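Enquirer: Structure below; questions to follow.
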Amino acid sequence: TTYFWRVRSKNGSNISPFSEVFSFTTLTPLAAPTLISPANNAVNQLTNLTFDWSDVTGAAEYEYQYSNNSNFTAAITGTVTASQASITGLDNATTYFWRVRSKNGSNISPFSEVFSFTTLTPLAAPTLISPANNAVNQTTNLTFDWADVTGAAEYEYQYSTNSNFTAAITGTVTASQASITGLDNATTYFWRVRSKNGSNISPFSEVFSFTTLTPLSAPTLISPANNAVNQTTNLIFDWSDVTGAAEYEYQYSNNSNFTAAITGTVAASQASITGLDNATTYFWRVRSKNGNTISEYSSVFSFTTDSNIGVNPAIAAQISIWPVPATEVINIKTEENQAFNYLMYDAAGKVVAKGNAQNSVSIKVADLAAGVYQLRLQTANNVVVRKISVIR
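Residue numbers (this note's numbering): 108 to 499.
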């Protein structure tokens with residue numbers, strides 16, 4: 108409001124004229140600010156935040172207050188010239204009340220409406236479950252698993268080949284598991300996880316380490332030896348043990364491309380094979396396995412089964428073989444003057460002696476290792492197979 112004022116002096120009836128007329132205008136009351144953020148009753152607020160309110164025309168500065176009680180006892184007070192104030196160091200999981208008033212000298216507005224907000228409850232760090240700390244022989248494709256955290260909206264995981272997590276691989280998932288693929292063999296990794304909900308981020312969990320499997324070697328095939336012939340239709344595949352293998356997958360087929368191959372899995376380094384066809388060449392191979400870790404296939408070996416020539420017991424009885432066991436030579440003689448072919452195999456199916464004879468023959472075995480050998484004699488219409496022991 109604008110006012111006009113004047114003064115005159117008096118002494119009895121002696122009265123002066125009025126002074127010059129002055130005018131003045133009383134101040135316009137400052138409006139109380141309108142609070143903007145944090146919004147009233149806001150939750151999950153950070154412990155470092157910004158108070159924001161509307162500008163007030165005529166205000167030179169603003170006085171804000173906040174307290175953990177609505178009476179503003181022991182309130183923290185500050186003054187700023189802008190319509191914002193940076194607030195730090197609030198307590199977690201605490202409800203605060205705040206208000207602002209505008210000021211211009213002695214012109215001070217009423218306080219604004221009181222708003223309240225609650226700071227966030229800190230998220231707990233996850234507890235890692237698997238791979239267990241210091242676990243070994245882990246596959247190169249595996250799953251990180253950790254305990255759920257109350258209030259978490261997502262989880263950030265990290266893994267690295269060093270405990271400082273330099274050049275770490277980072278990912279975010281909403282569940283408490285993460286599928287990890289393409290790890291290197293024979294490598295130690297470190298991993299950790301933290302829980303998140305917007306700007307509420309927990310500390311990282313404890314760091315766990317694990318070591319992946321050393322790559323499995325391909326088995327070395329032993330028997331039947333490569334290119335072995337006259338093999339029985341029921342036989343044993345035998346190969347070398349592979350360190351770290353939990354099982355072995357074998358395949359055999361009548362073609363080297365292994366189309367329509369027969370496949371089997373065994374825990375030992377042998378497999379019993381039955382029902383092969385006579386007079387047939389087979390190809391076989393083996394690979395070692397441990398979970399998702401699978402070796403390359405071994406080299407491919409081939410073998411050929413016996414032809415289906417019958418064994419005549421009467422003919423077999425007419426053939427003499429001595430001495431048994433043998434040390435220097437093995438003698439063979441037929442009762443009738445028969446021509447025959449002979450083949451002698453070691454335990455791996457390798458031919459160690461062969462030839463043709465008429466009625467009798469002596470086979471030198473002095474240079475052979477001690478063991479059991481298979482002697483196969485074939486006449487025009489019959490075959491005789493005997494096991495021969497060589498001793499030293």
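Here a beta-carbon is modelled for each residue, glycine too, at the ideal position from N, C-alpha and C. Being a predicted model, the structure only gives us computed values, none of them experimental.
(1) Would you tell me roughly how many angstroms separate the C-alpha atoms of Trp464 and Glu403, rounded to the nearest one?
(2) Taking 8 Å as the cut-off, decide whether the C-beta atoms of Ser219 and Leu142 are in contact.
(3) What does DSSP give as the partner residue(s) for Tyr173 in the beta ladder?
(4) Note down, in chain order, each residue of its chain lying with its Cβ closer than 6 Å to the Cβ of Thr400, except the 5 sequence neighbours on either side.
(5) Here's the rule I'm using: 16 or more other beta-carbon atoms within 10 Å means buried, otherwise exposed. How should Val491 be labelled?
(6) Use the C-beta contact count for Pro310: other C-beta atoms within 10 angstroms, 16 or more gives buried, fewer gives exposed.
(7) Sorry if obvious, but does the Cβ on Ala332 come closer than 7 Å to a heavy atom of the ligand COA?
(8) Take Phe204 as the anchor and find which of Asn214, Tyr173, Ala189 has the nearest alpha-carbon.
(9) Name, in chain order, the residues that DSSP records as bridge partners for Phe317.
(10) How many angstroms separate the CA atom of Ser312 from the CA atom of Ala254?
(11) With Thr387 as the anchor, note down where its beta strand (DSSP E) starts and where it stops.
(12) Label Val431 either buried or exposed according to how many other C-beta atoms from any shown protein chain fall within 10 Å of its C-beta, with 16 as the threshold for buried.
(13) Straight-line CA distance for Asp453 to Ile380?
(14) Can you list, in chain order, the stretches of the beta strand (DSSP E) that have 3 or more residues and sit fully within the stretch 419 to 459?
(15) Between the alpha carbons of Thr327 and Ala378, how many angstroms are there, rounded?
(16) Does the contact criterion of 3 or more C-beta pairs under 8 Å hold for the stretch 383 to 395 versus the stretch 350 to 357?
(17) DSSP beta-bridge partners for Phe131?
(18) Closest to Ser306 by CA distance: which of Val349, Ser316, Ile287, Ala260 is it?
(19) Could you please give the first and the last residue of the uninterrupted beta strand (DSSP E) stretch that includes Ala274?
(20) Rounded to the nearest angstrom, what separates Asn121 and Thr188 at their Cα positions?
(21) So, helix, strand or coil for Tyr359, using DSSP?
(22) Look up Glu220 in the DSSP assignment and say whether it is helix, strand or coil.
(23) Lys210: which of Asn175, Asn241, Asp162 sits nearest, CA to CA?
(24) In angstroms with no decimal places, state the Cα-to-Cα distance between Ile428 and Ala353.
(25) Could you check what DSSP says for Gly417 in three-state terms: helix, strand or coil?
(26) For the beta strand (DSSP E) holding Phe125, just list the boundary residues, first then last.
(27) Keeping to the same chain, check which residues put their C-beta closer than 7 Å to that of Glu442; ignore five residues upstream and five downstream.
(28) Mind checking which residues open and close the beta strand (DSSP E) that includes Ser496?
(29) Helix, strand or coil for Gln191 per DSSP?
(30) Can you give me the Cβ contacts of Phe365 inside the same chain, cut-off strictly under 6 Å, excluding the 5 residues immediately before and after it?
(31) Drop a sphere of 10 angstroms on the beta-carbon of Ser130, count the other beta-carbons inside from all chains shown, and report buried for 16 or more, exposed for fewer.
(32) Have a look at Asn385 and Val407 and give me their C-alpha separation to the nearest angstrom.
(33) If we count Cβ pairs, one from each stretch, closer than 8 Å, do we get three or more for the stretch 143 to 157 versus the stretch 182 to 201?
(34) What span of residues does the beta strand (DSSP E) with Asp345 cover, start to end?
(35) Where does Asn307 fall in DSSP's three states?
(36) Which two residues bound the contiguous beta strand (DSSP E) that contains Gly478?
Expert: Checking against the coordinates, here is how it stands:
(1) At residue 464 the sequence reads Ala, which differs from the Trp that was named. Rounded to whole angstroms, Ala464 to Glu403 spans 46 Å at the Cα level.
(2) yes
(3) Ile183, Trp205
(4) Thr246, Leu320, Leu323
(5) buried
(6) exposed
(7) The ligand COA is not among the ligands present in this structure, which contains no ligands whatsoever.
(8) Tyr173
(9) Ala242, Tyr296
(10) 11 Å
(11) No beta strand (DSSP E) contains Thr387, which DSSP labels as neither H nor E.
(12) exposed
(13) 19 Å
(14) 426 to 429, 436 to 441, 446 to 452
(15) 14 Å
(16) yes
(17) Tyr110
(18) Ala260
(19) Premise fails: Ala274 is in no beta strand (DSSP E) and is neither H nor E.
(20) 54 Å
(21) strand
(22) coil
(23) Asp162
(24) 45 Å
(25) Unreliable positioning characterises Gly417 in this predicted model, as indicated by a pLDDT of 49, which lies under 50. A coordinate reading is not provided.
(26) It is not in any beta strand (DSSP E) - Phe125 carries neither H nor E in the DSSP assignment.
(27) Gln425
(28) 490 to 497
(29) strand
(30) Gln358
(31) exposed
(32) 20 Å
(33) yes
(34) 342 to 346
(35) strand
(36) 478 to 485
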